[in-house]
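Residue numbers (this note's numbering): 7 to 294. The next block holds one structure in the form of structure tokens; read it before the comments.
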């Protein structure tokens, strides 16, 4: 039987110390503020979702959840930051289908594969894209918009939250199905789009429905159609784009919470349970 030397006996506890320390840190999570990275400018649907759930997560987990906007590259800048972060539960990502599905077709060499670099925590929203116009454009429905585009030499411009976003693809699908001439103008998020839509600097925008609802309800822009196949139950008065003479039109998006790959399963579970509780709150459900 091999003998255990005194040196080996003394070395064994030292080798275990890093593992014990890491375990203790995870058991004590969170013991400092948690950053929620949003890869778009403030004011868009991901940002709205992040700022809505952050205070409720803080109430349940005992530490501040701080929203940090990192726009650029169609969302790839902020997502890359999280993909390369330590999987300690203190840097998280709130992002959408645009980043995880569509971006790889527009920006194929991002330096990471979202499917491998990120771990999913919770689905937060599943929303339709929607079509809105500036009040200055003077149209009230989809057929009026199509007529306006076709009557304008060179067509019109439409804004989205960025290249490769679901909003971008929503606009391109509309262009293809209606045979209209539209020029894409990418922004760094939904917030800047809303500002220019209100001012009339951009005539048309495709964005997620939650981003468009507040300014539309305030009468500052006109929301003329939702991109879902059927009307949205919480806003049944808004017609679909498809029912207004564009059959087959349907575009949806989702928002989720993600962590760098390798996050501790216990931390992941605590986050998932906290998100489930937050999403069940009537005040949160009413705004999502």
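Just so it is clear, CB atoms sit at the ideal spot from N, CA and C, and this is done for glycine as well.
- Query: Are residue 213 and residue 167 touching if we call contact CB-CB under 8 Å?
  - Reply: Numbered from 1 along the chain shown, position 207 holds the residue referred to as residue 213. Numbered from 1 along the chain shown, position 161 holds the residue referred to as residue 167. It is a contact, given that the beta carbons lie within the stated cut-off.
- Message: Beta-carbon within less than 7 Å of residue 274's beta-carbon, same chain only, minus the 5 sequence neighbours each way: which residues are those?
- Response: In the chain shown, the residue the question calls residue 274 occupies position 268. Cβ neighbours of residue 274 beyond the five flanking positions: 125, 127, 265.
- Message: Please state the DSSP three-state secondary structure of residue 5.
- Response: Within the shown structure, residues of the chain are numbered from 7 to 294, placing residue 5 beyond reach of any answer.
- Task: Quick one: measure Cβ to Cβ for residue 73 and residue 91, integer angstroms, because I've assumed they're closer than 8 Å.
- Result: Stepping through the chain shown from its first residue, residue 73 is reached at position 67. Stepping through the chain shown from its first residue, residue 91 is reached at position 85. Their Cβ separation, rounded to whole angstroms, is 16 Å, which puts residue 73 and residue 91 out of contact at 8 Å.
- Task: Report yes or no: do three or more beta-carbon pairs, one from the stretch 174-186 and one from the stretch 218-230, lie closer than 8 Å?
- Result: no
- Which residue comes first and which comes last in the beta strand (DSSP E) that contains residue 134? Here residue 134 corresponds to residue number 128 of the chain shown, with the count starting at 1. Where residue 134 is concerned, the enclosing beta strand (DSSP E) stretches over 124-140.
- Query: Apart from the five residues on each side of it in sequence, which residues of its chain come closer than 7 Å, Cβ to Cβ, to residue 7?
  - Reply: One-based indexing of the chain shown puts residue 7 at position 1. Note on residue 7: pLDDT 49, under 50, position unreliable in the model; no value is reported.
- Query: Three-state secondary structure (DSSP) at residue 28?
  - Reply: As a first step, residue 28 is located in the chain shown; it is residue number 22 there, counting from the start. Confidence at residue 28 is low in this model, with a pLDDT of 47, below 50, so its placement is unreliable and the value that follows should be read with caution. Three-state result, residue 28: helix.
- Message: Considering Cα atoms alone, identify which of 292, 288, 289, 282 is closest to residue 130.
- Response: Your numbering for residue 130 matches position 124 in the chain shown. The shortest Cα separation from residue 130 among 292, 288, 289, 282 belongs to 282.
- Contact check, residue 230 vs residue 133 under 8 Å by CB: the rounded distance? Residue mapping note: residue 230 aligns to position 224 of the chain shown, counting from 1. Residue mapping note: residue 133 aligns to position 127 of the chain shown, counting from 1. No, residue 230 and residue 133 are not in contact; Cβ-Cβ is about 17 Å, not under 8 Å.
- Under 8 Å between the Cβ atoms of residue 195 and residue 47? By 1-based counting over the chain shown, the position of residue 195 is 189. By 1-based counting over the chain shown, the position of residue 47 is 41. Cβ atoms of residue 195 and residue 47: closer than 8 Å.
- By the 10 Å Cβ neighbour count, where 16 or more other Cβ atoms means buried, how is residue 205 classified, buried or exposed? As a working note, residue 205 is residue 199 in the chain shown. Residue 205 is exposed by the Cβ-count criterion.
- When burial is assigned at 16 or more other CB atoms within 10 Å of the CB, is residue 76 buried or exposed? To locate residue 76, count along the chain shown from 1; it is residue 70. It is buried - the Cβ of residue 76 has at least 16 other Cβ atoms within 10 Å.
- Query: Which of the three DSSP states, helix, strand or coil, is assigned to residue 158?
  - Reply: What you label residue 158 is simply residue 152 of the chain shown in a count that begins at 1. It is coil, neither helix nor strand.
- Message: Whole angstroms are fine: how far does the CA of residue 100 sit from the CA of residue 272?
- Response: As a first step, residue 272 is located in the chain shown; it is residue number 266 there, counting from the start. As a first step, residue 100 is located in the chain shown; it is residue number 94 there, counting from the start. Using only the alpha carbons, I get a separation of about 20 Å.
- Message: Taking the alpha helix (DSSP H) that residue 236 belongs to, which residues open and close that run?
- Response: Counted from its first residue, the chain shown places residue 236 at position 230. Neither: residue 236 is in no alpha helix (DSSP H) and is coded neither H nor E.
- Item | Cα-Cα separation, residue 150 to residue 140 | Taking the chain shown and counting its residues from 1, one reaches residue 150 at position 144. Taking the chain shown and counting its residues from 1, one reaches residue 140 at position 134. If I take the Cα positions, the gap works out to 13 Å.
- Based on Cα-Cα distance, which residue from 67, 62, 238, 269 lies nearest to residue 258? Position 252 of the chain shown, counted from the start, is the residue given in the question as residue 258. Of the candidates 67, 62, 238, 269, the one whose C-alpha sits nearest the C-alpha of residue 258 is 238.
- Query: Taking buried to mean at least 16 other C-beta atoms within 10 Å of its own C-beta, is residue 27 buried or exposed?
  - Reply: For the purposes of this step, residue 27 is taken as residue 21 along the chain shown, with counting starting at 1. The predicted position of residue 27 is uncertain, since its pLDDT is 48 and thus under 50; a value taken from the coordinates is nonetheless stated next. Result: exposed.
- Is the beta carbon of residue 180 sitting closer than 8 Å to the one on residue 255? As a first step, residue 180 must be located in the chain shown, where it is residue number 174. As a first step, residue 255 must be located in the chain shown, where it is residue number 249. Yes, Cβ-Cβ distance for residue 180 and residue 255 is below 8 Å.
- Assuming residue 171 contacts residue 80 (C-beta within less than 8 Å), just tell me the rounded distance between them. Indexing the chain shown from 1 puts residue 171 at position 165. Indexing the chain shown from 1 puts residue 80 at position 74. About 6 Å separates the two Cβ atoms, so the contact holds.
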